[in-house]
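Numbering (the numbering used here), first residue to last: 118 to 348. The beta-carbon is built from N, C-alpha and C at its ideal position, and this holds for glycine as well. This structure is a prediction, so every number in the text was calculated from the model and none was measured. Notes follow once the structure below has been shown.
Here is the structure:
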């Protein structure tokens with residue numbers, strides 16, 4: 118019997134003291150809630166986890182605590198404003214035995230194809246041999262990931278394992294599905310269409326609150342599941 122499509126939950130990052138400190142005690146029950154309701158893994162410090170707003174030290178500490186709490190796969194998002202910070206976080210993910218690393222392009226100042234390729238290759242090298250995922254989300258990074266960059270990173274990084282694609286509508290996702298790499302979908306309403314076209318699974322922010330709804334959409338991607346995701 119084939120394995121079910123993976124549901125990776127994009128977790129929130131609990132904070133305490135008005136946002137001045139990581140709420141470490143809150144992480145454990147949150148992870149238990151998610152894993153008991155169908156999460157196969159946890160995506161930490163991504164868009165839902167607001168990792169870009171945390172300091173490097175805060176992100177490292179979050180990685181340590183989440184690693185201790187998560188029973189399934191732990192994917193650390195290590196995208197940051199600079200290549201140096203991204204490399205530091207990616208290397209740390211390897212040190213704490215994360216299961217994979219994902220990196221979004223640095224926001225604010227768009228990188229050209231050569232610079233973005235070099236940035237992603239540096240991050241992939243820093244976390245090797247951990248699986249490395251390119252995170253495409255133009256609405257947050259401010260610019261798209263060109264398909265040519267993905268091809269160049271695939272040629273240069275043996276640990277490139279796939280992509281997390283949060284683009285929408287589906288027409289913007291479809292070209293990534295044609296690359297022959299595993300693709301995790303980040304936009305919940307298009308999960309059914311993407312799964313029908315060969316997507317591997319989902320990395321979902323909605324699942325941080327309603328994991329069972331996204332689990333249902335992955336296990337039975339039909340019009341009913343799609344309607345629930347849109348409500």
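Exposure of residue i, with buried meaning 16 or more beta-carbon neighbours within 10 Å
i: residue 146; result: exposed
i: residue 160; result: buried
i: residue 328; result: buried
i: residue 305; result: buried
i: residue 163; result: buried
i: residue 121; result: exposed
i: residue 135; result: exposed
i: residue 303; result: buried
i: residue 246; result: exposed
i: residue 118; result: Any reading at residue 118 is ruled out, since the residue's pLDDT is 36, under 50, leaving its predicted position unreliable.
i: residue 322; result: buried
i: residue 176; result: buried
i: residue 341; result: Note that residue 341 scores 48 on pLDDT, short of 50, meaning its location in the model is unreliable; the coordinates nonetheless yield the value given after this. That one is exposed.
i: residue 258; result: buried
i: residue 274; result: buried
i: residue 295; result: exposed
i: residue 334; result: buried
Cβ separation of residue i and residue j, assumed to be a contact under 8 Å, to the nearest whole Å
i: residue 264; j: residue 292; result: 6 Å
i: residue 313; j: residue 331; result: That belief does not hold up - the Cβ atoms of residue 313 and residue 331 are roughly 16 Å apart, past 8 Å.
i: residue 249; j: residue 240; result: 7 Å
i: residue 152; j: residue 188; result: 6 Å
i: residue 253; j: residue 283; result: 7 Å
i: residue 243; j: residue 204; result: 4 Å
Terminal residues of the beta strand (DSSP E) in which residue i lies
i: residue 217; result: 217-220
Extent of the continuous alpha helix (DSSP H) to which residue i belongs
i: residue 229; result: Element bounds for residue 229: n/a, residue is neither H nor E.
Interface flag, residue i vs chain C, CB-CB below 7 Å
i: residue 142; result: Of the protein chains in the structure, only one exists, and it is not chain C.
For residue i: DSSP bridge partner residues
i: residue 251; result: 220 and 280
Please give the ranges of any alpha helix (DSSP H) in the region 253-331, keeping only runs that are unbroken, at least 4 residues long and fully inside the region. Counting whole runs of 4 or more residues, the region 253-331 contains the alpha helix (DSSP H) stretches 255-258, 264-273, 287-294 and 308-313.
Continuous beta strand (DSSP E) assignments of at least 3 residues falling wholly in the region 120-207: For the region 120-207, the full-length beta strand (DSSP E) segments reaching 3 residues or more read 124-127, 158-161 and 190-194 along the chain.
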